[in-house]
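Going by this note's numbering, the sequence shown opens with residue 1008, and the numbers climb by one from there. Right, one structure below, let's go through it.
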Amino acid sequence: MKHVDDETLAMLAVTDVVADDEVATHLAACDRCRAEVAELQRVAAVARSAADVELVAPPERVWDRIASAVRAEEAADGLEERVGPAPSARPDAGHGVDERRHDARSGPATGAGPARLSASTTDAANSATRPSGRRDRRGTAAVRRRRRTLIGVVAAGVGVVALLVGIGVVTGVVPGASSGETVIARATLDALPGWSGADGTAELERDRDGRLTLVVDVTGDREASGDGTLREVWMMQSDLKGLVSVGFLDGDRGRFTVPADMDLAKYPVVDVSAERDDGDPAHSGDSIVRGDLHDR
């Protein structure tokens, strides 16, 4: 399977451009590339959330250590390419690299939002089973280089996106983009306790080839969210016992590819949560807005 190139993934993560037919088809079927877009959205959101933070130049020894670490990793990459994978790491030994995949989170939830998942929780009203992490470890040299390139592209993208918007380039449509999207369901997103100033909408679009995109707009939550808070978009079951993350909201509006194998009848609820950048893939339990999708 040929994956989407780094630059396209980065543009999808930091702008409102719409993927063309070929890219959209691939994203709908490829867990790995969808996970890359979600991770890059998180990186971009973190970068923007730190815009008002006063930066302090690090001591010279920090740069020396970074340079040393990069040289060591590049040397290891070169050695790995020359020697090849160990027998136990070859596909015929049953240890091929796993593709990234989206997770259906499950567990009971009550109150204003899904309960924070914890193995140590004993209160039956708020306990749940924490799913395994969304991010699979991939240890090949090629993947390490690809991820370094992606982060660099996103860093550049965050810096230029304001310029693109200013000159009218980022309009939500790119040359060759799929046309004829039809809105098949809508939701009004209402504020949850603690977020009284927030509201939003969600629309589920289907293109002419049957691909689904969730379009989410949220306003009124920026002041309350505070520094370092990310906003993650979820599709949930009606009883809140199962949920799937579709990405991170960067700005007031976001477009998210819905996994091709998702049963929409089982996940009619759209939820936007406030998340800390703490590496925990579980829902924080702090929902900003939520609403049910209804057919048009």
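Virtual Cβ for every residue (Gly too), placed ideally from N, Cα, C. Quick caveat, the model's predicted, so the values are computed rather than measured.
Nearest to residue i by alpha carbon, out of the options?
i, options, result
"Ala1209", "Gly1217, Ser1203 and Val1222", "Val1222"
"Asp1285", "Leu1019, Trp1241, Met1242 and Thr1236", "Thr1236"
"Leu1250", "Val1225, Ser1280, Thr1195 and Glu1014", "Ser1280"
"Trp1241", "Gly1258, Gly1217 and Ser1291", "Ser1291"
"Val1277", "Ala1198, Glu1029, Asp1013 and Arg1213", "Ala1198"
"Pro1275", "Trp1202, Gln1244 and Lys1248", "Gln1244"
"Phe1263", "Ala1079, Pro1288 and Leu1019", "Leu1019"
"Arg1215", "Gly1207, Asp1027 and Thr1015", "Asp1027"
"Glu1282", "Gly1261, Lys1248, Leu1271 and Arg1238", "Arg1238"
"Glu1188", "Leu1271, Pro1200, Gly1217 and Ile1073", "Gly1217"
"Leu1271", "Cys1037, Pro1288, Ala1017 and Arg1213", "Arg1213"
"Val1021", "Ala1052, Glu1067, Leu1062 and Asp1071", "Ala1052"
"Thr1032", "Lys1248, Lys1009 and Asp1013", "Lys1009"
"Lys1248", "Gly1261, Lys1273 and Met1269", "Lys1273"
"Val1025", "Asp1287, Gly1261 and Ala1289", "Gly1261"
"Asp1246", "Ala1082, Gly1298 and Arg1072", "Gly1298"
"Gly1037", "Met1269, Ala1289, Val1063 and Arg1072", "Looking at the sequence itself, residue 1037 is Cys, so the reference to Gly does not match. For the residues Met1269, Ala1289, Val1063 and Arg1072, the minimum Cα distance to Cys1037 belongs to Met1269."
For residue i versus residue j, is the C-beta distance shorter than 8 Å?
i, j, result
"Leu1300", "Leu1211", "yes"
"Ala1267", "Ala1035", "yes"
"Asp1224", "Asp1259", "yes"
"Leu1196", "Val1265", "no"
"Val1030", "Val1044", "no"
Mind checking who residue i pairs with in its DSSP beta bridge?
i, result
"Gly1207", "Leu1196 and Val1225"
"Trp1241", "Ser1252 and Asp1278"
"Leu1271", "Looking at the DSSP assignment, Leu1271 forms no beta bridge with any residue, so it has no partner."
"Leu1019", "Answer is none; Leu1019 lacks a bridge partner."
"His1301", "Arg1193"
"Glu1046", "Its beta-bridge partners do not exist; DSSP assigns none."
"Arg1215", "Answer is none; Arg1215 lacks a bridge partner."
"Thr1220", "Glu1212 and Thr1264"
"Ser1294", "Ser1280"
"Thr1236", "Arg1283"
Whole-angstrom Cβ separation of residue i and residue j, contact assumed at under 8 Å?
i, j, result
"Arg1039", "Ile1191", "Not a contact, Cβ separation roughly 27 Å."
"Ala1205", "Asp1228", "4 Å"
"Gly1207", "Thr1226", "6 Å"
On the three-pair Cβ rule with 8 Å, is the region 1037-1048 touching the region 1245-1257?
-> yes
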